[in-house]
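From first to last, the protein sequence lines are chains A and B. Sequential numbering from 3 applies to the first sequence in my numbering. Sequential numbering from 417 applies to the second sequence in my numbering.
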Amino acid sequence: MKVAFFLSIAILSLLASWSSSSPSLSFLGIAPQDENYFRKETIKCRNGSRKFTKAQLNDDFCDCLDGTDEPGTSACPEGKFYCRNVGHLPTSLYSSMVNDGICDCCDGSDEYDGKVKCRNTCWEAGKKARDKLQKLIDMYREGVTIRKREVEQAKEAISKDKAELSVLKAEEKSLDKLVNQLKVRKEQIEKAEGKEQLEKDNEDRPNVQENFESTEASGKEDSLTSEDDVIGLVEQEESKSEHEDTNVAEDGSESIEDMSKEEIGRLVASRWTGERTGQVEETGSGADSNEGKDGSLNKPSDGDSEKNVYDHHQSSITDDLDSSSVVHEPGLDKQTQFLGFTIHIQSWLRKMQDVSQNLLRSVSWFSSPLDNLDADKIRKEYKESTARLSSAQERISSLTEKLKHDLGVDGEFYTLYGQCFETKQDKYVYKICPFKEAVQEEGQYHKTQLGYWEKFEESYSAMLFSNGAGCWNGPRRSIKVKLRCGLKTELTDVDEPSRCEYLAVLSTPLGCLDGKLKELEGKLEMLQKEKPEGHDEL
Amino acid sequence: MASRIGGCRRPLLLLFLLSLASQTAFSWKQDEFRNCNQTPFCKRARSRKPGYCTLIADQVSISDGLLTAKLIPRPIPNQEEGGEDHHQIAKPLLLSVSIYQSGILRLKIDEDPALDPPKTRFQVPEVVVSEFDETMLWLSRVSTETLDGDSAPSSVVYLSDGYEAVLRHDPFELYVREKSSKSRLVSLNSHQLFDFEELRVKNEGEEWEERFKGHTDTRPYGPQSISFDVSFYDAEFVYGLPEHATSLALKPTKGPGVEYSEPYRLFNLDVFEYLHESPFGLYGSIPLMIAHGKTGKSSGFFWLNSAEMQIDVLAEGWNADSGLSLPSDQKRIDTLWMSEAGIVDAFFFAGLGPKDVVSQYTAVTGKPAMPQHFATAYHQCRWNYRDEEDVENVDAKFDEHDIPYDVLWLDIEHTDGKRYMTWDSVMFPHPEEMQKKLAAKGRRMVTIVDPHIKRDDNYYIHKEAAEKGYYVKDSSGKDFDGWCWPGSSSYLDVLSPEVRMWFSDKFGFDSYKGSTPSLYIWNDMNEPSVFNGPEISMPRDALHFGGVEHRELHNAYGYFYHMATSNGLVKRGDGKDRPFVLSRAFFAGTQRFGSVWTGDNTADWDHLRASVPMILTLGLSGISFSGADVGGFFGNPEPELLVRWYQLGAFYPFFRAHAHQDTKRREPWLFGERNTKLIRQAIHVRYMLLPYFYTVFRESNTTGLPVMRPLWMEFPSDDATFSNDEAFMVGSSLLVQGIYTERAKHVSVYLPGDELWYDLLSGAPYKGSQTHKLVALEDRIPAFQKAGTIIPRKDRYRRSSTQMVNDPYTLVIALNSSQAAEGELYIDDGKSFEFMQGAYIHRRFVFSNGKLTSLDLTPNNKKSKFTSQTVIERIILLGHSPGPKNALIKPGDGKVEVGLGPLVLETGLGSSSSFVTIRKPSLPVDKDWTVELV
């Protein structure tokens, strides 16, 4: 390796001395590979517009609009100056930077009129760049490996999900059939029972047990949705009242006269800033307390995940001001629950089908009086099957929802599904949940919707969340989350470059692309090639 | 970041309604500001009929070089009082007329101090420059004549070679007339609408208080308004009276054929989202009117008075039933002037042409300051560049995209809680380092410093100002406490020279922590804006230095604040660094202290269009260094509008892009490659023309002429130009026509004069005295160089103008029909005051008979010298037929090559045409020489 490196350097320097090792003044600003173009007596402007003589090359007068004749001076606005930057990467400067008194090339070649003296910093800068690049490459290498593993896992998980989905769908069908049969039977029994009831007055009602995990789960879901609805309603009313208040405060001059001097001042200031102030602010704080209620409403339903968030906060505060963390969505816990359940349901289903079929067969349809034991059994079977059916359906819809998303070329973003990533900046906590939403939280109860999941952008290198909360006199909030190579998945650098248009970076192994790694390696190779004589890096 | 989350967090349908409501509820509200009918003095004056005034001039005489008289009521023969509306003066008024060099007449009318008025009426100090006083002509002679039909005589005094002033005794009237023809130019009280409410003791039971929108004005001195009519003769149009968003030629506000209109109001106000077409008063006030007509002659009238003023331009026939006879053979425009307080201190300008009038006006109020060179380049502003990183990124992006800029601006958010001259320690922890980084690239920074001071005992400025009693007082004598950005605030009483002196010291590097020599200042909100005050300003009964009521001073408050800031920067630099201070409020004389912009405009095509008459009007009124926010302050411009705005803004004297904090980022590179290129080209055009602009700025500095001029100023006899305010001149060589509509396919441009005009970028010739319908191009707005002129350019672009100092010049000679042309070039060190000692290069280039000559225009007796090693690298001749192969240079007998070359060194911007070009003559810019084509 070492030998090979030195060898390549030797060849390079040989090549360099073969051609002109340092450009003559007339060849200033020309890339070595272009020098031959300028060796003729008459040279064409690259855009073909005209010709110029060798004497006009770099004579500090612009003859070609495209700058062909002035690669080494500032005479043509569209000219480009090539700095060799031996020891670092060569660069190409705008002609506007040639002899402007500011050192732009690390080799200082852009400032040659003697007005400033530029130190050659290429070697130091190059070494720094190489070291940095090397580190980046190391990380990329590791990241690419992790990414490959994750892609495999995602593929596996997706096919598992798909398999599960098709199993579930088949079973949904048979369960549906079974439930219908049981229902018919149950109704028959109940009819018969009604008749018998007339005859036998002191018959006890059968005891029904409702203790299925699945029923509980679906019940939870129901209550969640209904609470959401309630929250939505509350919000709607709030903004309505805010709207009205604004009107009141703004319109009648009487109300302005009723306001204190300070309130008027704030109100007028708010025109420029869009801040809500004075009376309007009171409505704002009212909304806050309502949101407080929202929070507590939410608590019982996903108390665990709330706790999870809290724990993370604790650790993040001790860490640093800006920190990031991963939060599992409440849905994820349910999902794991379901995964176990699916396996369970499959074996259960087979058994149950057998039992029920047997039962249905064994119960004599028209015998009277009814066998109480059989009737209870049927009822119980019906209840269980119904519950199973709705659980299966629920699971089907959640799997369908998940799989309908664009999960990347290789489905690699499967792993981000159902996860949330947080980071704290100043007083705000930013929370990004891929495929779902992005929010900004201030304190425990003050939550601002930055956007809902829209799509991947820039060939899967960024996630876009849009249509968030509207802005005063402005657009609805949106956030773009750029994916950057990192060994851990974490959210960093949330920014608001334009008002209400946010930008964040999610570093993740999923951002470590093989192609980019190759590119970086190529770049490093280039950097190492340009080693000048007299320096010994190794 | 996201500091205003509370404002908008409900992602619901209703938000739409809310935003609708906010649009209507928060945009400009007429009823928040007083109209004339709600303003008693205006309502009274406006309802008077011609012939109202019954004053006569008595005891007319010459004393101390002045023509003096007393104004007394005409004795009424049958003892009857006039109509009940007729107000009679109780004590004679003192009148004096003084005459100044170059045809300026000053009229003063005030109460007689010998008769013990309850209070001295306010005269605005420090507006009339001391040099002007020295140009007074000592009157020694008055002649008397009796005009046809008059029973009493008139007194006539000398005004200038061509004009004389006439004081008619009964009825009292003052006018300027041409000596030879006796035809009138401008007159006062010809319709006898003059009224002067003398200060007096309150009658029993009389109510002096005025209320508006919950605010009470105690008016402790009662009525004190003044009003009168002024007529301009041989006038087609009147101009002036900034600041209004309205046409250049002022439309009539009253009389036949005029829909109800308010008078033009002069009352400095912070108007949120102002309309693009309204006589409503905006941020600044200059009570100057200029009239111009087909004779090619202009006249002007300036009333030095800083109280609220309302001016009606009266439509022809407004006085049809007055029965007063005025010369009917002259086309006349009558105007009515009304002010709430103060005195009559009025100046009549008997100009020959429009340039003379502006020159006369600036002889009174001062010539525009010579800006630093960097200030004439491009400025990048936004509310707000958030932190040091943001600043660094924006700065770097300009270099990355090869777009030059000279100044980066920081709005109010850079401060620690809107305490001006402090820094937000989180966002801007290293202000000096930040400025030094910019300075290393030749770039400056501007920070905002507003006149409201946060009432916080821990804020050093407040602490000192409060202790020293430097604040404006409320009517009860306590420090006035109003609401502005920082919350509860007080306002420095800048009328006091002591306060100004103290405040200007605050700009010293030792006092303003974190400031460096490359930091300059921006004054905003200096109308003053008071969020909870009447009409968003200060109560009129607030008290200033010397017991002056705010009502008397209001329109000049921002002027004095601007003055203190500007003087602060001069002091900071030991008198060696020209100040740069941008102000929103202005008054007569503001041109001496810095530049002005047209305030919070909106990103729409109408505001783009309105910017031209607004800037032209400012220029006519002495303020030659002004501009409008490129892109529009409120709202988000479509890329096309933004590009068109850059293309127009590149020709504004003051060229700055600015945006409200709620708008999307709009730095030049954010709209795709094509738009980036278009904006880069627009900015490049400005940088290319900087030598020309700087030369015109110097012309403005010496003559008072605007940098950006109405066409009629250069073509005073061409009446097709009189109301044209969509095209304008930059200096006298360049004509620019904006494109003000979306997706314009064509643009019409009227080119005045008999000579050809050459397209600035393509070199294509166009005939004069014609309207040309041109194809609207994407990459430029129409701009033309007048045949017969020479424009100096620099064709190498740099990061900023600083690096262009040593770059060579290009001269573009546009030949007229006799194959001749002339032009000038002014160069100095771009920053110090040494030019005032003669340290500058000023060349006149004359081309005739195939020979270009460079002549020295600097005086011989200069105390200081400025030299330069810079050369002329290229001379382009427009309108010269190809043929010459060489040019001979003298002295030295050098011979250089002549060939054909492009007009502009940027692909796409110019055309493929080639023009006769003298290649590399390398002529020293500071020497005499000739170049002859052979």
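Glycine included, every Cβ here is placed at the ideal spot set by N, Cα and C.
Legend entry - Contact with chain A by F442(B), beta-carbon distance below 7 angstroms: In this predicted model, F442(B) has a pLDDT of only 45, less than 50, meaning its place in the structure is not dependable enough to derive any value.
Legend entry - Cβ-based contacts, 9 angstroms cut-off: residues of the region 500-512 of chain A near chain B: S500, R501, C502, E503, Y504
Inset, instruction - Mind checking the region 1191-1207 of chain B against chain A and listing, in chain order, the residues whose C-beta falls within less than 8 angstroms of any C-beta there? - result: none
Inset, instruction - Name, please, each residue of chain B whose Cβ falls closer than 8 angstroms to the Cβ of P34(A). - result: Those do not exist, as P34(A) stays about 24 angstroms from chain B at its closest Cβ, beyond 8 angstroms.
Legend entry - 7 angstroms Cβ cutoff, D109(A) in contact with chain B: no
Inset, instruction - Classify C459(A) as buried or exposed, calling it buried when 16 or more other Cβ atoms lie within 10 Å of its own Cβ. - result: Note that residue 459(A) is Glu in the sequence shown, not Cys. Classification of E459(A): exposed, given that the 10 Å Cβ count is below 16.
Inset, instruction - Would you tell me roughly how many angstroms separate the C-alpha atoms of L375(A) and K193(A), rounded to the nearest one? - result: 16 angstroms
Legend entry - Within chain B, the residues that Y96(A) reaches when beta carbons sit closer than 7 angstroms: D818
Legend entry - Beta-carbon proximity list for S317(A), same chain, < 7 angstroms, skipping 5 on both sides: With a pLDDT of only 38 at S317(A), under the threshold of 50, the placement of this residue in the model should not be trusted; the figure read from the coordinates follows. None.
Legend entry - At least three beta-carbon pairs within less than 8 angstroms, the region 459-470 of chain A to the region 427-442 of chain A: yes
Legend entry - For L1304(B), the nearest candidate out of V1350(B), F1261(B), D1272(B), N1276(B) (CA to CA): V1350(B)
Inset, instruction - Look up L522(A) in the DSSP assignment and say whether it is helix, strand or coil. - result: helix
Legend entry - Bridge-paired residues (DSSP) for N1302(B): E1313(B)
Legend entry - Interface partners of H901(B) on chain A, CB under 8 angstroms: Reading off the sequence shown, one finds Trp at residue 901(B), where the question assumed His. Those are A271, listed as they occur along chain A.
Inset, instruction - Under 8 angstroms between beta-carbons, which chain B residues line up against I434(A)? List them in chain order, please. - result: What I434(A) touches in chain B: nothing, since even the nearest Cβ is about 15 angstroms away.
Legend entry - Three-state class that DSSP yields for H978(B) in the structure shown: helix
Inset, instruction - Report the option in G1310(B), K1343(B), A1230(B) whose CA atom is closest to the CA atom of S1284(B). - result: K1343(B)
Legend entry - Separation of L522(A) from C85(A), as counted between CA atoms: 21 angstroms
Inset, instruction - Just the C-alpha distance for V1262(B) and A1199(B), rounded to the nearest angstrom, thanks. - result: 23 angstroms
Inset, instruction - Going by DSSP, name the residue or residues bridged to V513(B). - result: L483(B), L523(B)
Inset, instruction - Can you tell me which of the three DSSP states P1107(B) falls into? - result: helix
Inset, instruction - Examine the Cβ distances between the region 871-882 of chain B and the region 844-859 of chain B and report whether three or more of them are shorter than 8 angstroms. - result: no
Inset, instruction - Flag this pair as yes or no: are the beta carbons of F1138(B) and W1128(B) separated by less than 7 angstroms? - result: yes
Inset, instruction - Give the residues of chain B in contact with E264(A), contact being defined as C-beta atoms less than 9 angstroms apart. - result: W899, G903, S904, N948
Inset, instruction - Determine the closest residue to V496(A) out of L489(A), S480(A), P511(A), with distance taken between C-alpha atoms. - result: S480(A)
Inset, instruction - Answer with yes or no whether the minimum CB distance from Y1225(B) to chain A is below 7 angstroms. - result: no
Inset, instruction - Return the first residue and the last residue of the alpha helix (DSSP H) that S176(A) is part of. - result: 124-201
Legend entry - N- and C-terminal bounds of the beta strand (DSSP E) containing Y1174(B): 1173-1175
Inset, instruction - Can you check the region 746-793 of chain B for any beta strand (DSSP E) of at least 3 residues that lies completely inside it and give the ranges in chain order? - result: 748-755, 760-765
Inset, instruction - Determine the chain A residues that contact F688(B) at a beta-carbon separation under 9 angstroms, and present them in chain order. - result: V270, R273, W274
Inset, instruction - At 8 angstroms on the CB atoms, spell out the chain A contacts of Q640(B), in chain order. - result: The contacting residues do not exist; Q640(B) stays about 27 angstroms from chain A at best.
Inset, instruction - Spatial neighbours of E613(B) within its chain, please: CB distance less than 6 angstroms, with the 5 preceding and 5 following residues excluded, ordered by chain position. - result: P639, Q640, S641
Legend entry - Delimiting residues of the beta strand (DSSP E) encompassing H966(B): Segment 966-969 is the alpha helix (DSSP H) holding H966(B); no beta strand (DSSP E) there.
Legend entry - Distance between T44(A) and G1056(B) (C-alpha atoms, nearest Å): Strictly speaking, residue 1056(B) in this sequence is Glu, with Gly absent from that position. One C-alpha to the other measures close to 43 angstroms.
Legend entry - Any alpha helix (DSSP H) of 4 or more consecutive residues that is wholly inside the region 1090-1162 of chain B: 1106-1119, 1127-1130
Inset, instruction - Examine chain B for any beta-carbon lying closer than 7 angstroms to the beta-carbon of C64(A), and answer yes or no. - result: yes
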